[in-house]
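Trainee:
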Amino acid sequence: MLEDRTTAASSATAWPAAYPQGYAVVDVETTGLARDDRIISAAVYRLDARGEVEDHWYTLVNPERDPGPVWIHGLTSEVLEGAPLFRDIAGEFAARLDGRVLVAHNAVFDWQMIAREYARAKSEAPVRQRLCTIALSKELGLPLPNHKLESLAAHFGVVQQRAHHALDDARVLAEAFRPSLLAAAAGGVRLPLHECRPLTEWSDRPAPRIGQQAGYGGYRPNTWRPSRKRPVCPYPNPGRYEEGKRLKQGMRVAFSGDTSVERELLEDRATEAGLHVATSLSRLTSLLVTNDPDSGTSKVVKARQYGTPVVDEAAFGQLLADVEPADG
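The opening residue of the sequence shown carries number 1 in the UniProt record's numbering; numbering runs sequentially from there.
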């Protein structure tokens, strides 16, 4: 079935005129997931309008700090010590992104990491749109057991050689993206494109003073402000989340308190999954996400009053991986 659709999509008459003219399939490995974490390696596969590979590029990046989970990415301080700083490769990276749609698996994460690095370098990445392959697989209705890259790769018969190595992950994603793109074109599927806006402000967190805990006593965390307005959720609110069941597109989700993954990233992931991110809590709120359900914040207090379901950040992350589509 997929072969028939991709064959049809190959003809000039079948190709949607509104589709982008080129793609940059990107993978970055990082020191962690928080807002002050850094990129330690990056890879880009440039593809043409129909997903054919044009070239690829890879670089290590010196994060100027501890490399984080070496057991995942395999990049030690010794390996990264002689690598270029991000500002030294920013121009080459930008040249490979310029004028293309950024494609990544969980694209909002890669984009946020890239945008922050460019903000630190007092520059901007020339990216205006991104496409998440998780969202595209959902649009295509691919029968995947989960939304991991390895599952998408297996579906299309793509062999992973070095998981969590930026160059191989980008290659795998590029090889899986092409048949996805062709299938979307053949079926007239609208690509799930999202706007990318550069950060307008950035400040790295200062080192805590001796005896001072992070996040307390005047220790100001990183601040960054995206110049954006969150899009209106297109789905009706199906009601409250029920424990043991899936989230459903249109549900209203509110956040309260500190999160280990930056708040904006969680909100973007929720939005791209089809959820309504609410800035306040009301009787219509479907779910409150907080790591401190016993705190006295106004949202937590209202959640108790209204009987709003509450989950922590880790549970919410698991729920985001399998959001039920809105009623058609």
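All residues carry an ideal CB built from backbone N, CA and C; glycine is no exception. Source: prediction; values computed, not measured.
Report back the beta-carbon spacing between V61 and S77 to the nearest angstrom; my notes put them in contact at under 8 Å.
Mentor: Going by Cβ atoms, the distance from V61 to S77 rounds to 13 Å, so no, they are not a contact pair.
Trainee: Please classify R116 as buried or exposed, where buried requires at least 16 neighbouring CB atoms within 10 angstroms.
Mentor: Buried: at least 16 other Cβ atoms inside 10 Å.
Trainee: Just tell me which of G141, L265, R46 and H73 has its CA closest to the CA of A183.
Mentor: The option with the nearest alpha carbon to A183 is G141.
Trainee: Leaving out five residues on either side along the sequence, give the residues of the same chain with a beta carbon under 7 Å from the beta carbon of T279.
Mentor: If we look at T279 and ignore the five residues flanking it on each side, it has no Cβ neighbours.
Trainee: How many Å lie between E313 and E124 at the Cα?
Mentor: Each residue's alpha carbon lies about 30 Å from the other.
Trainee: Quick one: what does DSSP say A49 is sitting in, helix, strand or coil?
Mentor: A49 falls in the coil class under three-state DSSP.
Trainee: Which one of T259, V301, V277 and Y235 has the shortest CA to CA distance from A315?
Mentor: Checking every option, the nearest Cα to that of A315 belongs to T259.
Trainee: Using DSSP with H/G/I as helix, E/B as strand and the rest coil, what is E264?
Mentor: Helix at E264.
Trainee: In the DSSP output, which residue or residues are listed as bridge partners for S41?
Mentor: Per DSSP, E29 and L60.
Trainee: Which of helix, strand or coil does DSSP assign to L181?
Mentor: Residue state, collapsed to three classes: helix.
Trainee: Just to confirm, is the Cβ distance from I39 to F109 under 8 Å?
Mentor: Contact: no.
Trainee: Are V300 and T285 closer than 8 Å when you measure CB to CB?
Mentor: It is not a contact, given that the beta carbons lie outside the stated cut-off.
Trainee: For the alpha helix (DSSP H) that H164 lies in, which residues bound it at each end?
Mentor: Careful: H164 lies outside any alpha helix (DSSP H) and carries neither H nor E.
Trainee: Once you ignore the five residues that flank D55 on each side, which residues in its own chain have a CB closer than 7 Å to its CB?
Mentor: If we look at D55 and ignore the five residues flanking it on each side, its Cβ neighbours are R46.
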